[in-house]
Structure formats: structure tokens, C-alpha cells
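Report on the following structure.
2 protein chains.
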Amino acid sequence: MFLERLPGIGEKTANRLAFHLLRLSESDLKEFAQAIVDLKSKTKYCQVCYNFTEDDLCEICEDRKRNHDQITVVESVLDLISFENGDIYQGIYHVLHGRIDPLNRVGPEDIHIKPLLNRIKKSKSLKEVILATNPDMEGEATAMYIRNQLEELKKSLKTDFKITRLGYGLPMGANLEYADYMTLRKSLENRNNF
Amino acid sequence: MFLERLPGIGEKTANRLAFHLLRLSESDLKEFAQAIVDLKSKTKYCQVCYNFTEDDLCEICEDRKRNHDQITVVESVLDLISFENGDIYQGIYHVLHGRIDPLNRVGPEDIHIKPLLNRIKKSKSLKEVILATNPDMEGEATAMYIRNQLEELKKSLKTDFKITRLGYGLPMGANLEYADYMTLRKSLENRNNF
Chain A
60 MFLERLPGIG EKTANRLAFH LLRLSESDLK EFAQAIVDLK SKTKYCQVCY
110 NFTEDDLCEI CEDRKRNHDQ ITVVESVLDL ISFENGDIYQ GIYHVLHGRI
160 DPLNRVGPED IHIKPLLNRI KKSKSLKEVI LATNPDMEGE ATAMYIRNQL
210 EELKKSLKTD FKITRLGYGL PMGANLEYAD YMTLRKSLEN RNNF
Chain B
60 MFLERLPGIG EKTANRLAFH LLRLSESDLK EFAQAIVDLK SKTKYCQVCY
110 NFTEDDLCEI CEDRKRNHDQ ITVVESVLDL ISFENGDIYQ GIYHVLHGRI
160 DPLNRVGPED IHIKPLLNRI KKSKSLKEVI LATNPDMEGE ATAMYIRNQL
210 EELKKSLKTD FKITRLGYGL PMGANLEYAD YMTLRKSLEN RNNF
């Protein structure tokens, strides 16, 4: 059965879903099936930032109210959604769709780094690139690789913009007692005047 | 049975511990019992920082190699142990033994804030106080209260030292996808040049 093959869905949930579908009217079922067929054909990458979109540009890149001089680089669309759900960021994004991960044979060419560099070459008023890859080994390596590429780009273009990385430290609501020492060390290094 | 009253120990574990104790020799048992009796009578507060100690001063306050011009203020000895386990900090501490928590009727007078201020009054070369209370409501309120007290102290003593707070942000190994928006917001605010 197809439902059982979906991630996180076992036999019991699959049965429950199947019985729910059986209770739907035929027209509802057709609509649902069509939506599934359309999912892949209608979903495209945004031509600028590689977010998912049904048009050429995603909603964020099309939004004139957002700050187009600030680009946050994330590994996946799910990370982008995290920022958007928080309503904490007014700039735009660039989605890499992956991370440099030599153990799994993912190199810089396999993720959307080149389009990022091309995009920045064309941009005239860029002020900041925020490297928001995950705070682990591969995310860190990816951020460092992109940082070096951007520094070279700055030199060759004779332009300047900030390159920043998300702050590391204690997450909100954390308990020092249970914090790992790497996080504690970061929170000490990144302490702020108060 | 006494063992069952210990935190985190249920009936089964209590039985297992009891059977283990039964297997010990009488002299081992007596030694163990004496250690428990001594625990309370021998353990004192360090006269300077309120860490636990068997002497007047704790090992950290007595250590001449540590930086006595940098004081980290923590809520509990367990937090101090977190820092010490990491081997990431060379300064000394001040343990509040609590936090300001009006809902549970804990005010500034109920924790060791006054001894901290007295201690700082006597110090001649203090360079920094790091407020390392937990990143939650009560910890934040406690840090703010102490900050204000320290600012007044600075004015009245006509001296100067830094007051800092641990950095907040993404913990190491975190995944942006699952980060709460408060933590994401902090990691954006606290982003660093990279």
C-alpha cells in the first residue's frame, strides 16, 4: 500500500488514513488525487533564491517590502520556513538544497553555491550575507567554503558587504546544568555587554 | 525504606541498591554510613563564593592560577560544575543558591546577592562580572536585578568593570528546522562577523 511507504507512517496510521479516504466522496477523492499529481509538476524552484514556488519567483523574492540587500543562506526550505514562521527576519534568502558533506560525496558543485555567487555578482546594493547553515560539522564547513568564495568575489568585484554567521550560545529556556560544554564555551565566547 | 525516598529512585532501583548493600562487608557499610553522616556536617559554603567546600575557601577560590579579576555569577553549584567540567573558564565564581522568583516568594534578599556586592566592594582589580543565570524568565530577571545593583555600585565606588551576559543563540549541533523562534531570533540578533 502506498500510504505505508510515506515517512513516519506505519501500518496502523496507514489503515486509519485509508479508512478516512474511503469515507470521502468520489469528487473529493479525485480532487485530492489531482493535487498529488500536480504537486511535482506545479512546484518549481524560485529562479532567484531556489525556494519552492508555483511561479518564476517565490513570494519572498517578489515582495518589494522586504530588504533585498540582505541575503540569508540556508541549507533547506524547511530552515527558511523556520525563519518565516518566527516573523523575525525581513531580508531575502538563498536555499542551497544541501550542504557540503564529503563523507556522503556531496561537494560544493552539488549544491546551489554557484547560483548564489552569480546572483551576488549581479546585485548592486548588497549589504550583508548571513550564513545560516546548521551549527554542526558539515554546516560549519559549508559556511566556511562560502565565506572564502565570497571574500574572493569581494576582491575581484572591488565591492564590500558584510559576511555574518548566526550567533551560537545557549538556546532560550535552556538550563546551564544540562548544557553541553561546546555550547557553554560558545555562550562564554559570545557573551555580550549587559 | 530510606532509599526509595531519594529523588529519581523508585521501588525497583531501591531494591537493587538494598541487595547491593547487603552484599558489602560490615566495615564497608560502616564507612558508607559515616560518609553519609559526615556529608552535612563537613560540607560548608566557601566564605568567598558560596561553592561547597570542606574548608573555609573552595578549591577554585584558593587556586592562585585562576583569574581572580573575573567573576561568573551562577544560580547553583551544579551550574558551576557544568563550567568546570568543560574546562572552558579560568576565572572564579559566585553562587547565588537560587534565583529571584516572585511567584515562589523568592526575593533578592533570599539569595546571595548582598555577599556578591560586598565582595566586589572589597575587590580592587575586578575587570568583569559575567551574569550566567539561566536563559529563562527568572534567570533573566535575576540578571537584570544584579546588573542594576552593580551599576549603582560602580557609580558610588567610582570604579569600572565590565558586566556581561552569556551569549544566546543556537546550541551546537542544533538543527535550524527544529529551533524555536525565540532562539532563532536571538541567533539572528547575536550574529557575528565571519
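Taken in sequence, the protein lines are chains A and B. According to my numbering, the first sequence is numbered sequentially starting from 60. According to my numbering, the second sequence is numbered sequentially starting from 60. Ideal Cβ placement from N, Cα and C applies to all residues, glycine included. Remember, it's a predicted structure, so these values are computed and weren't measured experimentally.
Under a Cβ-count criterion, where at least 16 other Cβ atoms within 10 Å of its own Cβ denotes burial, should Pro194(A) be classed as buried or exposed? buried
Give the residues from the segment 186 to 197 of chain A that approach chain B closer than 7 angstroms (Cβ to any Cβ), ordered along the chain. Ile189, Leu190, Ala191, Asn193, Pro194, Asp195
Cβ separation of Lys245(B) and Gly226(A), assumed to be a contact under 8 angstroms, to the nearest whole Å: 7 angstroms
Given Asn110(A) as reference, the closest of Ser184(A), Leu175(A), Asp219(A) once Cα atoms are compared: Leu175(A)
Short CB-CB distance (under 8 angstroms) between Ser184(B) and chain A: no
Ordered along the chain, which non-local residues of its own chain (more than five positions away) have a Cβ less than 8 angstroms from that of Glu113(A)? Lys101, Thr102, Lys103
What residue does the alpha helix (DSSP H) around Thr201(B) start on, and which one ends it? 196 to 216
Based on Cα-Cα distance, which residue from Lys181(A), Asn177(A), Arg224(A) lies nearest to Glu199(A)? Arg224(A)
So, at 6 angstroms on beta carbons, what are the nonlocal neighbours of Asp128(A) in its own chain, with the 5 sequence-adjacent residues on each side left out? Ser184, Leu185, Lys186
Determine the contact status of Asp97(B) and Gln106(B), defining contact as a CB-CB distance below 8 angstroms. no
Under 8 angstroms Cβ-Cβ, which residues of chain A neighbour Ala238(B)? Ser141, Pro230
For Ile147(A) and Leu243(B), believed in contact at Cβ under 8 angstroms, the rounded distance: 6 angstroms
Any C-beta of chain A sitting closer than 8 angstroms to the C-beta of Leu81(B)? no
Which one of Val136(A), Ile151(A), Leu162(A), Lys221(A) has the shortest CA to CA distance from Arg123(A)? Ile151(A)
Quick check on Tyr109(B): does DSSP put it in helix, strand or coil? coil
Could you check what DSSP says for Asn249(B) in three-state terms: helix, strand or coil? coil
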